[in-house]
Amino acid sequence: QVKAKGRNGWSFYAPRMNDEVQERIVLERDLRLALARGEFVLHYQPQWDLTNDCLFGWEALVRWQHPQRGLVPPDKFIPIAEETGLIVPLGDWVLETACREIRDWEQEGLGSYRIAINLSARQFTQQALGERIEAILAATGLAPGRLELEITESVLMEDADLTAEILQRLKQLGVTIAIDDFGTGYSSLAYLKAFPVNKLKIDRSFVRDIVSDPNDAAIVSAIISMARSMGLVTIAEGVETEAQRDFLMAQGCQELQGYLFGRPMNASAVRSFFGGQDGPGGAVSGNAKQMP
Ligand code: C2E
Ligand code: MG
Ligand code: MG
Ligand code: MG
1 QVKAKGRNGW
11 SFYAPRMNDE
21 VQERIVLERD
31 LRLALARGEF
41 VLHYQPQWDL
51 TNDCLFGWEA
61 LVRWQHPQRG
71 LVPPDKFIPI
81 AEETGLIVPL
91 GDWVLETACR
101 EIRDWEQEGL
111 GSYRIAINLS
121 ARQFTQQALG
131 ERIEAILAAT
141 GLAPGRLELE
151 ITESVLMEDA
161 DLTAEILQRL
171 KQLGVTIAID
181 DFGTGYSSLA
191 YLKAFPVNKL
201 KIDRSFVRDI
211 VSDPNDAAIV
221 SAIISMARSM
231 GLVTIAEGVE
241 TEAQRDFLMA
251 QGCQELQGYL
261 FGRPMNASAV
271 RSFFGGQDGP
281 GGAVSGNAKQ
291 MP
């Protein structure tokens, strides 16, 4: 009867499949309703600029506030949203909400920040993505220079011609394009020449052991120096310790993001993040905040 190796070792094939299929059907059904019910929320994680020593931006990270399951992380539902096509309306919601909130903070005097938003490959397969983003910028009144789009290497591989066309248009508009999880895709570096990319986001898996593992240190140094000679900005994700920060600074990495600077937090936590540490207005004067 033993047929498949489950996550926890050997298990019976049929019952396990049924459970997983069942679970998946329920999740998919709930996901379809979630948008209409307003169950998605955005959390924001600070991004630090080392060149000017200031907080310069936030990455928007979506969560699902499920009535029974609680706060569901994106890894649990983004893949399903991608397969079902729900990522398109969900992605639009993320774009609109994040652009609106970052503009609201500015109007409240919290400072002018850039917003980084993750895009899935599926969102690029619709011709209108460029127009859509332009419309959202126009509707929210956010300057294109304040928007950064994070795409993975796999996005570039999907439909290269269409993606290049959309990215070109967005870059001309002044939107920044960052390659997320850089170094983990199975693609060639040739795409860095073919696509209008501004920034490489060094994957967390290389940053984690950067201080103890000479191979990780070598990979990160190489990425930073390649980026510099190509005129690209580098940002490191998953920076948790001062030792990691110091190493990255010494290598010439320009921007950092990670728990050391702040965890992803909801919009009201962002407001107390400003209010609590500097007092109101503290962030207004040149986005000044103390580096950890
Ligand atoms: P990502 O874009 O690479 O985002 C970074 C992930 O690393 C986030 O996980 C963040 O919470 C986590 N992280 C940040 N700093 C640290 C750190 O110092 N240590 C550790 N251990 N982790 C850190 P999260 O929020 O669970 O998001 C997971 C992934 O889900 C994202 O990876 C992104 O690929 C995807 N995602 C999130 N929001 C969206 C969205 O709106 N649209 C799309 N298409 N994908 C999204
Ligand atoms: Mg990202
Ligand atoms: Mg990433
Ligand atoms: Mg990642």
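Residue 19 in the numbering used here sits at position 19 of the sequence shown; the count goes up by one each step and never skips.
Where a beta carbon is used, it is the ideal one built from N, C-alpha and C, also for glycine.
Can residue i and residue j be called in contact, C-beta distance under 9 Å?
| i | j | result |
| --- | --- | --- |
| Q123 | V88 | yes |
| Q254 | V270 | no |
| L170 | I177 | yes |
| L119 | G91 | yes |
| I133 | A60 | no |
| A190 | A164 | no |
| T293 | L95 | Any property of residue 293 remains undetermined from this structure, which presents the chain solely from 1 to 292. |
| I80 | L27 | yes |
| T84 | L31 | yes |
| L129 | I166 | yes |
| V62 | F40 | yes |
| L248 | I210 | yes |
| L33 | W93 | no |
Within its chain, find whatever has a CB closer than 7 Å to the CB of residue i; leave out the 5 residues flanking it on each side and keep chain order.
| i | result |
| --- | --- |
| L121 | First, the amino acid is wrong: residue 121 is Ala here, not Leu. Same-chain partners within the cutoff: S154, V155 and E158. |
| N198 | T176, I177, A178, L232 and V233 |
| P144 | L137, L173, G174 and V175 |
| F206 | G183, D216, I219 and V220 |
| P280 | Low confidence applies here, because P280 scores a pLDDT of 40, under 50, leaving its location unreliable; read the following figure in that light. If we look at P280 and ignore the five residues flanking it on each side, it has no Cβ neighbours. |
| I223 | F182, G183, L200, I202 and T234 |
| L142 | C99, I102 and R103 |
| R208 | G238 |
| T241 | L260 |
| R297 | No answer is possible for residue 297: the residues shown for the chain start at 1 and end at 292. |
| S229 | none |
Over the uninterrupted beta strand (DSSP E) stretch that includes residue i, give me the two end residues.
| i | result |
| --- | --- |
| D159 | Premise fails: D159 is in no beta strand (DSSP E) and is neither H nor E. |
| V72 | G70 to V72 |
| R263 | Neither: R263 is in no beta strand (DSSP E) and is coded neither H nor E. |
| R114 | R114 to N118 |
| D49 | F40 to D49 |
Return the chain-ordered list of same chain residues with a C-beta closer than 6 Å to the C-beta of residue i, the five sequence neighbours on each side being excluded.
| i | result |
| --- | --- |
| E101 | A267 |
| V72 | W64 and H66 |
| W168 | The question names Trp, but residue 168 is Gln in the sequence shown. Counting only Cβ-Cβ distances below 6 Å, and skipping sequence neighbours, we find P196. |
| G252 | I224 |
| A227 | L200 and T234 |
Only counting the same chain, and skipping five residues up and downstream in sequence, which positions put a Cβ closer than 8 Å to that of residue i?
| i | result |
| --- | --- |
| G262 | Q45, P46 and F273 |
| Y113 | L55, F56, G57, W58, I102, W105, E106, R146 and N287 |
| L48 | A small correction: the amino acid at residue 48 is Trp; Leu does not occupy that position in the sequence shown. Excluding positions up to five away in sequence, the list reads C54, L55, F56, E255, L256, Q257, F261 and M291. |
| G185 | T152, E153, S154 and M157 |
| A283 | Any reading at A283 is ruled out, since the residue's pLDDT is 41, under 50, leaving its predicted position unreliable. |
Over the uninterrupted alpha helix (DSSP H) stretch that includes residue i, give me the two end residues.
| i | result |
| --- | --- |
| F124 | A121 to F124 |
| R132 | L129 to T140 |
Compute every distance between the C-beta of residue i and the non-hydrogen atoms of ligand 6, then say whether any falls below 8 Å.
| i | result |
| --- | --- |
| R204 | No copy of ligand 6 occurs in the structure displayed; its ligands are ligand 1, ligand 2, ligand 3 and ligand 4 alone. |
Check the Cβ-Cβ distances between residue i and every residue of chain B, and say whether any is below 9 Å.
| i | result |
| --- | --- |
| A34 | Absent from the structure is chain B; it holds one protein chain and no more. |
Checklist entry - Listed by chain order, which residues have C-beta atoms less than 6 Å from any heavy atom of ligand 2? => result E59, N118, E150 and D180
Checklist entry - Where in the region 165-246 do unbroken runs of the alpha helix (DSSP H), each at least 4 residues long, occur, reported from the N-terminal end onward? => result 191-194, 204-207 and 214-229
Next on the checklist: Quick check on the DSSP output: what are the complete alpha helix (DSSP H) runs of length 4 or more inside the region 64-109, in order along the chain?
Outcome noted: 74-84 and 87-107
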